[in-house]
């Protein structure tokens with residue numbers, strides 16, 4: 001496939017990397033490809049750096065998967081995020097409150113100590129959470145996330161709607177990037193609810209992967225030009241396709257530059273042009 005020539009520096013904040021390497025086939029957690037092929041596809045799309053993380057898997061410790069992703073990021077333009085899980089359920093429902101009353105942390109759950117280890121390990125630059133598989137962190141883990149101050153990418157959708165995300169993770173002292181505009185799969189009303197919440201939460205950002213509605217994307221960019229970050233959703237979606245879709249939007253060149261790179265670099269230091277690929281140069285909100 002020919003490389004795209006679009007003239008923008010592009011960074012990608014939502015890319016899944018399977019640590020045991022893939023063969024291009026669809027597995028139980030979606031399509032997988034090797035890290036070498038993922039790097040080639042990113043290069044073809046003109047993407048200079050990509051946030052990568054392992055797929056979500058229920059009732060599983062992510063220590064080995066996170067370390068595998070970090071290893072495969074060495075000598076590649078990949079920025080590793082550690083996947084975490086939790087024991088909490090949305091508090092806005094009676095069922096969730098009841099389950100929280102009896103839930104306890106088990107061996108496979110992320111602990112505050114795990115968060116500290118990831119945060120002070122130069123291989124990792126943030127965290128990622130899928131509430132639809134892994135539930136939400138408990139208060140002790142959230143407090144540690146606030147202490148370390150690194151960004152957290154949270155998958156949003158019909159099973160993790162804006163109301164639940166607001167209750168569980170928004171309004172904290174760490175940046176939260178809500179994936180898929182908070183409306184996966186293709187729930188336009190939830191996406192607009194999430195855009196509305198940007199008025200209330202200053203350190204909340206939206207990520208663009210799998211958002212196929214041009215009017216929704218344009219509304220968020222025009223109303224909140226500093227709060228939208230490009231994500232491809234690779235390898236499920238080819239990064240070329242994601243970049244080309246974004247380029248069809250009717251927004252200014254300056255806004256393209258913000259969405260493709262500038263906004264993400266403010267939130268995730270390792271994506272900046274002058275950042276070292278391995279180990280942190282600057283820190284975001286670290287104490």
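Numbering (the UniProt record's numbering), first residue to last: 1 to 287. Don't be surprised by glycine CBs; every beta carbon is placed ideally from N, CA and C. Please read these numbers as outputs of a predicted model, since none were measured by experiment.
Neighbour-count burial assignment, residue i, 16 or more Cβ in a 10 Å radius
i: residue 179; result: buried
i: residue 157; result: buried
i: residue 248; result: exposed
i: residue 182; result: buried
i: residue 189; result: exposed
i: residue 64; result: exposed
i: residue 43; result: exposed
i: residue 259; result: buried
i: residue 26; result: Model confidence at residue 26 stands at a pLDDT of 46, short of 50, so the residue's coordinates are unreliable and nothing is read from them.
i: residue 288; result: An answer regarding residue 288 cannot be provided, because it is not within the stretch 1 to 287 covered by the chain.
i: residue 86; result: buried
i: residue 199; result: exposed
Span separating the alpha-carbon of residue i from that of residue j
i: residue 176; j: residue 17; result: 21 Å
i: residue 13; j: residue 129; result: 13 Å
i: residue 215; j: residue 80; result: 32 Å
i: residue 67; j: residue 255; result: 35 Å
i: residue 197; j: residue 167; result: 12 Å
i: residue 210; j: residue 140; result: 32 Å
i: residue 117; j: residue 153; result: 18 Å
i: residue 159; j: residue 132; result: 6 Å
i: residue 201; j: residue 170; result: 7 Å
i: residue 195; j: residue 205; result: 9 Å
i: residue 57; j: residue 114; result: 18 Å
i: residue 32; j: residue 235; result: 6 Å
i: residue 123; j: residue 217; result: 32 Å
i: residue 275; j: residue 263; result: 15 Å
i: residue 336; j: residue 109; result: What the structure shows of the chain is the stretch from 1 to 287, and residue 336 is not part of that stretch, so it cannot be assessed.
i: residue 270; j: residue 138; result: 27 Å
i: residue 146; j: residue 127; result: 12 Å
i: residue 161; j: residue 185; result: 11 Å
i: residue 10; j: residue 155; result: 21 Å
i: residue 72; j: residue 238; result: 20 Å
i: residue 135; j: residue 104; result: 12 Å
i: residue 83; j: residue 253; result: 34 Å
i: residue 45; j: residue 242; result: 9 Å
For residue i, the three-state DSSP class (helix, strand or coil)
i: residue 207; result: strand
i: residue 256; result: helix
i: residue 192; result: helix
i: residue 155; result: strand
i: residue 275; result: coil
i: residue 79; result: strand
i: residue 148; result: helix
i: residue 23; result: Confidence in residue 23 is poor, its pLDDT being 45 and thus under 50, which makes the residue's placement too unreliable to answer from.
i: residue 118; result: helix
i: residue 284; result: Because residue 284 carries a pLDDT of 45, less than 50, the predicted location of this residue cannot be relied on, and no value is offered for it.
i: residue 229; result: strand
i: residue 31; result: strand
Nearest residue (CA-CA) to residue i, options the options
i: residue 41; options: 141, 170, 106 and 232; result: 232
i: residue 326; options: 243, 164, 125 and 149; result: Outside the modelled stretch of the chain, which goes from 1 to 287, sits residue 326, for which no answer is possible.
i: residue 75; options: 49, 53, 64 and 143; result: 49
i: residue 220; options: 240, 247, 251 and 235; result: 251
i: residue 70; options: 20, 193 and 104; result: 20
i: residue 151; options: 119, 182, 59 and 123; result: 119
i: residue 61; options: 78, 106, 38 and 72; result: 106
i: residue 142; options: 82, 134, 111 and 39; result: 111
i: residue 37; options: 7, 59, 77 and 55; result: 77
i: residue 187; options: 172, 173, 213 and 207; result: 213
Opening and closing residue of the alpha helix (DSSP H) in which residue i lies
i: residue 180; result: Unbroken run through residue 180 is the beta strand (DSSP E), 176–184; no alpha helix (DSSP H).
i: residue 68; result: 63–73
i: residue 237; result: Here residue 237 belongs to no alpha helix (DSSP H), and DSSP marks it neither H nor E.
i: residue 266; result: 263–267
i: residue 200; result: Per DSSP, residue 200 belongs to no alpha helix (DSSP H) and is neither H nor E.
i: residue 107; result: Looking at the DSSP string, residue 107 is not in any alpha helix (DSSP H), and its letter there is neither H nor E.
Boundaries of the beta strand (DSSP E) in which residue i is found, first to last residue
i: residue 224; result: That residue, residue 224, is in no beta strand (DSSP E); it is neither H nor E in DSSP.
i: residue 14; result: 10–16
i: residue 50; result: 47–53
i: residue 43; result: Here residue 43 belongs to no beta strand (DSSP E); instead the alpha helix (DSSP H) covers 35–44.
i: residue 129; result: 124–129
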